[in-house]
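K.L.:
Residue numbers (the working numbering): 7 to 361.
Heads up, the beta-carbon is just placed ideally off N, CA and C, and yes, glycines get one too.
1. In this structure, how does DSSP classify residue 255 when only helix, strand and coil are distinguished?
2. Report the three-state DSSP secondary structure of residue 340 (helix, strand or coil).
3. Beta-carbon separation of residue 35 and residue 327 under 8 Å?
4. Does the beta-carbon of residue 80 have 16 or more other beta-carbons within 10 angstroms, so that it is buried, or is it exposed?
5. For the region 258–319, list the alpha helix (DSSP H) runs that are entirely contained and at least 4 residues long, ordered along the chain.
6. So what's residue 241 in DSSP terms, helix, strand or just coil?
7. Determine whether the beta carbon atoms of residue 50 and residue 217 lie at a separation below 8 Å.
8. Helix, strand or coil for residue 181 per DSSP?
9. Excluding the 5 residues flanking residue 310 on each side, which residues of the same chain have their C-beta closer than 8 Å to its C-beta?
10. If you run the structure through DSSP and keep just helix, strand and coil, what is residue 34?
11. Would DSSP call residue 355 helix, strand or coil?
12. Does the distance from the C-beta atom of residue 5 to that of residue 68 stay below 8 Å?
13. For the putative contact between residue 284 and residue 234, defined by C-beta atoms under 8 Å, what is the C-beta separation to the nearest angstrom?
14. CB residue 73 to CB residue 212, shorter than 8 Å?
15. Kindly list the residues whose CB is nearer than 6 Å to the CB of residue 90, restricted to its own chain and excluding five residues on each side of it in sequence; keep chain order.
16. State the start and end residues of the unbroken alpha helix (DSSP H) segment that holds residue 327.
17. So residue 57 is in the alpha helix (DSSP H); what residue range does that whole segment cover?
18. Answer yes if the region 343–350 comes into contact with the region 38–49, meaning at least three C-beta pairs across the two stretches below 8 Å, and no otherwise.
19. Restricting to Cα atoms, I'd like to know which of 203, 295, 274 and 198 is closest to residue 223.
20. What is the DSSP secondary structure of residue 347, reduced to helix, strand or coil?
21. From this set, 282, 254 and 257, which residue's C-alpha is nearest residue 267's C-alpha?
22. Can you check which of these residues, 357, 255, 260 and 241, is closest to residue 320 by C-alpha distance?
23. I need the DSSP call for residue 18, collapsed to helix, strand or coil.
24. Which residue marks the beginning of the alpha helix (DSSP H) containing residue 211, and which one marks its end?
25. For residue 122, name the three-state secondary structure that DSSP assigns.
26. Counting along the chain, where does the alpha helix (DSSP H) carrying residue 226 start and finish?
27. Going by C-alpha to C-alpha distance, which of 265, 350, 181 and 297 sits closest to residue 48?
28. Is the beta carbon of residue 257 sitting closer than 8 Å to the one on residue 172?
29. Exposed or buried, which one is residue 160 when buried takes at least 16 other CB atoms within 10 Å?
30. Can you list, in chain order, the residues of its chain with a C-beta nearer than 8 Å to that of residue 32? Leave out the 5 residues immediately preceding and following it.
31. Around the C-beta of residue 100, are 16 or more other C-beta atoms found within 10 angstroms, so that it is buried, or is it exposed?
32. When the Cα atoms are used, what is the spatial distance from residue 315 to residue 122?
Dropping the structure here:
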């Protein structure tokens, strides 16, 4: 039997393809950011361009118009949000030592209470930790920023990023159907049906993440930012955007956003109504995500366990830096599709069925 015949051959082809893509990502990770962003934009907007073609527009004209509208919308949203985000980030950093001091003072009161009532000696005053803790937080923030900007030359070269990404997106979006047809023509004829089935499944998974999950995260970020800002939570817009944008990791965005917003509300207002409403906001957001957004926009197609998602992000960041974080979850979802195919082949094999 030929090496590439049957399900085993399809799996071998996909494994070879995966190894080749992984090698390219690893070798050229420092320059890949604009190309990955351009490909993601093209994949995201391809259905819109297809609809414009159905209305009678040429592919090139439709691509140009869609990208112009998308770019203007992105600049408008950035122009509205960036000043608020920068202002709240500066405010958060400026007030961090005072807030940490208040938390440590509260912990110190608990220490004294435990010492008086139970005779427990819990060490030195928590206030003594403030200078050290503040210094450590500052060092951690500086190190994190340095690592982020060091993770790829494309991140530092903003002008190159802004120039190359739209060009890549335009060419890929214009030629998307031709590229798909050329890839299909390269598939081995003997495994054509099985290979096409895997491509369809992978397309559904990627569509669920790139299109569905991105839309879900954007809607949640807008809801959290607006709600927390309206009820007056300190740095509410910043916290809401952060919680919404990381909500592709199930429950992590909700938990972190809830802890930050309720904690800051308690420090600022005490046991006031804002603290309760902040909790209600995140509970409502999680319910909407679980029962409305995720089923309709993402479905069950991603197939990744939350722990698998977190592991993929850490592994991608460790291997490829910022680029690895961008491609981690889609790549992990594709691996899950291939593993399901391999598992189905294994269960149909004589080795598994023999008793």
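P.N.:
Quick answer:
1. coil
2. helix
3. yes
4. exposed
5. 258–275 and 279–294
6. coil
7. yes
8. coil
9. 318, 335, 338, 339 and 342
10. coil
11. coil
12. As displayed, the chain neither begins before 7 nor continues past 361, which places residue 5 out of reach and without an answer.
13. 7 Å
14. no
15. 243
16. Note, residue 327: premise wrong, no alpha helix (DSSP H); not H, not E.
17. 39–60
18. no
19. 295
20. helix
21. 282
22. 255
23. helix
24. 198–212
25. helix
26. 220–236
27. 181
28. no
29. Any answer about residue 160 is weak, because its pLDDT of 42 lies below 50 and its placement is not dependable; what the coordinates show is given next. Under this definition residue 160 is a buried residue.
30. 325 and 326
31. exposed
32. 46 Å
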